[in-house]
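Asks: I am attaching a structure below and will ask some questions about it afterwards.
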Amino acid sequence: MNRPSVAITGIGAISALGTGTSAQLSALREGRSGIGRLAHLPLPSPELWFGEVKASNADLATLAGVDAERSRTVLLGLIAAREALQDAGFGPGADIDLLSASTVGGMDRSEAFATGWMAGGADGIDRAVGHAVGDHAHQLARHLGLRGRVTTLSTACSSSANALMLGAWLIRSGRAEVVLAGGTDALCRFTTEGFRALSAMDTAPCRPFSADRGGMNLGEGAAYLVLERSDRAEARGRTPLAWLAGAANTNDAHHQTATSPEGEGPFQAMREALADAGLPAEQVDLINAHGTGTDNNDGTEQVAMERLFATVPPFVSTKSATGHTLAAAGALEAVFSVLCMRHDLIPANLRFGAPIEGLRSAPNTAPRTASVRTVLSTSFGFGGNDSALVLTATP
Amino acid sequence: MIIRAAAHYTLRPGSGEEAVVPGMDLLPKPMARRMIAPVRRAMACALAALAEAGIERPDGIFYGTGLGCLADTQEFLLEIERNAGSLLAPTSFMRSTHNTVAGLIALALKAQGPNLTFSQGFTSFHAALLAAVMHLERRPGDRVLVGASDEHLPLLDHLFDALHGAGFVPQAARPAEGAAFFVLGGADGVAKGRVVDVRMGPVDRVLVDDGIPAWTGALVTSVTNGASYVDRTGLHHSAPAVAMALALADAVPAVQLMDREGEQHGLIHIAR
Chain A
3 MNRPSVAITG IGAISALGTG TSAQLSALRE GRSGIGRLAH LPLPSPELWF
53 GEVKASNADL ATLAGVDAER SRTVLLGLIA AREALQDAGF GPGADIDLLS
103 ASTVGGMDRS EAFATGWMAG GADGIDRAVG HAVGDHAHQL ARHLGLRGRV
153 TTLSTACSSS ANALMLGAWL IRSGRAEVVL AGGTDALCRF TTEGFRALSA
203 MDTAPCRPFS ADRGGMNLGE GAAYLVLERS DRAEARGRTP LAWLAGAANT
253 NDAHHQTATS PEGEGPFQAM REALADAGLP AEQVDLINAH GTGTDNNDGT
303 EQVAMERLFA TVPPFVSTKS ATGHTLAAAG ALEAVFSVLC MRHDLIPANL
353 RFGAPIEGLR SAPNTAPRTA SVRTVLSTSF GFGGNDSALV LTATP
Chain B
1382 MIIRAAAHYT LRPGSGEEAV VPGMDLLPKP MARRMIAPVR RAMACALAAL
1432 AEAGIERPDG IFYGTGLGCL ADTQEFLLEI ERNAGSLLAP TSFMRSTHNT
1482 VAGLIALALK AQGPNLTFSQ GFTSFHAALL AAVMHLERRP GDRVLVGASD
1532 EHLPLLDHLF DALHGAGFVP QAARPAEGAA FFVLGGADGV AKGRVVDVRM
1582 GPVDRVLVDD GIPAWTGALV TSVTNGASYV DRTGLHHSAP AVAMALALAD
1632 AVPAVQLMDR EGEQHGLIHI AR
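Sequences listed follow chains A and B, in order. For the first sequence, my numbering begins at 3 and goes up steadily by one. For the second sequence, my numbering begins at 1382 and goes up steadily by one.
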């Protein structure tokens, strides 16, 4: 079947590693970590480690060119989405669909509202208006002047990987020519306290895929990619940065918040994404793993990788540098995948200690130069939600 | 795309009406005991649609919700406020993600296909339906579950009053709860109707000149002659899904349902 290829013609990102894709690239090249103590956000967890974006809301608002009276999720999203559009050469008023992703949306402002409400008043009702997780996407579309479909994927930690998959479906089905897809999530009390209540947070900087791993560090950020029908990108003289060759979403159907011991959902997602791309597993040069650092995730994910690959290719969790950015993670790691292909880079899985008992593979521990032509990037979330993307350097 | 089955309910707090929820007897008992009431009702609806279509396990689940698991979200927000600094109970946090309903349906049925949740106010269901149509175009033999649900909270009444007073909501309206689920796909067997088209975008992209009459623009789920379903669906973000179920139950020959969320418009065109 002859279907249109999905080119990636623009990327944008903000994370604990910095603002903009060049800041992400330098940090990945140097093996630098963005994990640290909180410096800007007043969250009640001083004992924990975070991948905080090193800027106040006022700083971010200046960067985004808007006032600060909005959720940090929106501010981060605007900065990354605008960079992606500019990178692809699109200005305002473009006929572009927006597939965004978020889990917390305007939760930071809902928390401020809840505090007042618990104290007996309903002051600051305007802060509750942006609670709906989709509200951030409207704000992005409005400020970026996008005139297309607008919707929000919210499938927990796989959200933005699913936004990219849906973007590919829209383009391949002929319904869209250009889609801005990605996600944004800011640190807030809701998720910090939630993952702490689940005992899912490491009290030290996280050690994904290590035998002695102790959980995740939460991060924040936003990343967006411009997906474009290949021939249309060619017609306007753009050279694609990479291609989104395949994508899949499956459900593990095992537990609300844990993956099955054999990693069935992750295994099927990776297998189906490669089938969607029409590529054999041997062709994968790098796996950008989900690798949150939790006992359950890393063990089951690595089992799934070892089931799929006779020899597991180099794999890394860049969450060891950014923290887990929740709904932004899939898109952020897709941006990293594009950077790795463009700059021949295998990045580092930081703080790796000893391999997990009973498993035969281990992650790549220091940045190194190698040709990277095909990347498999995975994202898994609550509700048994498992996604995989295949990104390639050529169509 | 063939619509094989549909099930819906609405619940209007304070109306004195009893909600008739299909499929409550189909819920897996141990799982249902752990669910809060609105999630139980939404899941019952989903199971009723699958039972009507004679399908045990859908090949994909495409779900929309405007505000997600509101009760659990509120509960965890209040838990943080009440017990700040101590170890919190994680249950309401685990159940607070927008994809909880779609995830629980997959878990109950061991449904391992695509499982996507969309949230964009009154156009949440449109995106779920469009994704389902695209899935079926790629895999024509599949049968998928599509639906939407939204919860009601007493806090919403309070917020609606305050938002109306502050000019954010243009009409005095009582928020409600509701859900509708459909089984789509397959070529054989009895059909209830078909999805002709699903459109999303700014109004000029949705209402292109192809014989669909102009829209007069009520707030929620109006058909293109200006009549609104909102009295029957109740006011909640899943009202468009409930309206689609009502239109199928009314056996109208064809209907175009229009909704909007800010600048974003959604059109669902179904026919018998």
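Just so it is clear, CB atoms sit at the ideal spot from N, CA and C, and this is done for glycine as well.
1) Taking the C-alpha atoms as reference points, what is the distance between C1426 of chain B and V181 of chain A?
2) Assign I1436 of chain B to one of three DSSP states: helix, strand, or coil.
3) Would you check if the segment 304-318 of chain A and the segment 351-371 of chain A touch, i.e. whether three or more CB-CB distances between them fall below 8 Å?
4) Quick check on the DSSP output: what are the complete alpha helix (DSSP H) runs of length 4 or more inside the segment 147-221 of chain A, in order along the chain?
5) Closest to R129 of chain A by CA distance: which of B:A1465, B:A1432, B:L1544, B:G1615 is it?
6) Are the Cβ atoms of A395 of chain A and R375 of chain A separated by less than 8 Å?
7) Checking contacts by CB at 8 Å: is S175 of chain A closer than that to chain B?
8) Less than 8 Å between the C-beta atoms of L403 of chain A and A134 of chain A, yes or no?
9) Quick check on R1519 of chain B: does DSSP put it in helix, strand or coil?
10) Can you find a CB in chain A that lies within less than 8 Å of the CB of S1530 of chain B?
11) Is it buried or exposed for A398 of chain A, if we count other Cβ within 10 angstroms and need 16 for buried?
12) Helix or strand or just coil, what does DSSP make of R1555 of chain B?
13) For P1634 of chain B versus A1652 of chain B, is the C-beta distance shorter than 8 Å?
14) Taking three-plus beta-carbon pairs below 8 Å as touching, is the segment 1437-1446 of chain B in contact with the segment 1488-1499 of chain B?
15) Compute the Euclidean distance between the alpha carbons of P397 of chain A and L1627 of chain B, then round it to the nearest angstrom.
16) Assign V76 of chain A to buried or exposed, taking buried as 16 or more other Cβ atoms, counted over all protein chains shown, within 10 Å of its Cβ.
17) Report the partner residues of G1582 of chain B according to the DSSP bridge assignment.
18) So T302 of chain A and T261 of chain A are in contact, right, with Cβ under 8 Å, and what is the actual spacing, rounded?
19) Express the C-alpha separation of L166 of chain A and A1509 of chain B in angstroms, rounding to a whole number.
20) Just to confirm, are A199 of chain A and L1469 of chain B a CB contact at a threshold of 8 Å?
21) Taking the alpha-carbon positions, what's the D1453 of chain B to P268 of chain A distance?
22) Give, in chain order, every unbroken run of the alpha helix (DSSP H) that is at least 4 residues long and sits entirely within the segment 308-374 of chain A.
23) Listed from N- to C-terminal order along the chain, which residues in the segment 1487-1499 of chain B have their beta-carbon within a distance smaller than 8 Å of any beta-carbon of chain A?
24) With 8 Å set as the bound, which would you pick, yes or no: does the beta-carbon of R231 of chain A sit closer than that to a beta-carbon of chain B?
25) Suppose contacts are defined by Cβ-Cβ distances below 8 Å. Is S162 of chain A in contact with P6 of chain A by that definition?
26) Have a look at W119 of chain A and E308 of chain A and give me their C-alpha separation to the nearest angstrom.
27) Using the Cα positions of L292 of chain A and K321 of chain A, report the straight-line distance between them to the nearest angstrom.
28) How about C208 of chain A and A331 of chain A: are their beta carbons less than 8 Å apart?
29) Would you kindly work out how many angstroms separate the C-alpha atoms of L146 of chain A and H1618 of chain B, rounded to a whole number?
30) Identify, in the order they occur along the chain, each residue of the same chain with its Cβ nearer than 6 Å to the Cβ of G1395 of chain B, setting aside the five sequence neighbours on each side.
31) Is DSSP giving T1481 of chain B helix, strand or coil here?
32) With a cut-off of 8 Å on the beta carbons, I'd call A225 of chain A and G33 of chain A a contact; round off their distance for me.
33) For the alpha helix (DSSP H) that N1464 of chain B lies in, which residues bound it at each end?
Replies: The answer reads as follows:
1) For the pair C1426 of chain B and V181 of chain A, the Cα-to-Cα distance works out to about 33 Å.
2) Coil, per DSSP.
3) yes
4) 161-174, 191-199
5) The option with the nearest alpha carbon to R129 of chain A is B:L1544.
6) yes
7) yes
8) Since the displayed chain A opens at 3 and closes at 397, residue 403 of chain A lies outside it and no answer follows.
9) In the structure shown, R1519 of chain B sits in a helix (DSSP, three-state: H, G or I).
10) no
11) The requested residue 398 of chain A does not occur in the structure, where chain A is confined to residues 3 to 397.
12) coil
13) yes
14) yes
15) 46 Å
16) With 16 or more other Cβ atoms from the protein chains shown falling within 10 Å of its own Cβ, V76 of chain A counts as buried.
17) B:H1646
18) 4 Å
19) 15 Å
20) yes
21) 27 Å
22) 321-324, 331-344
23) A1487, L1488, L1490, K1491, A1492, Q1493, G1494, P1495, N1496, L1497, T1498, F1499
24) no
25) no
26) 50 Å
27) Position check: residue 292 of chain A holds His in this sequence, whereas Leu was assumed. Between H292 of chain A and K321 of chain A, the alpha-carbon positions lie close to 8 Å from each other.
28) no
29) 25 Å
30) none
31) helix
32) At roughly 20 Å, the Cβ-Cβ gap does not stay under 8 Å, so A225 of chain A and G33 of chain A are not in contact.
33) First-last for N1464 of chain B: undefined, no H or E at that position.
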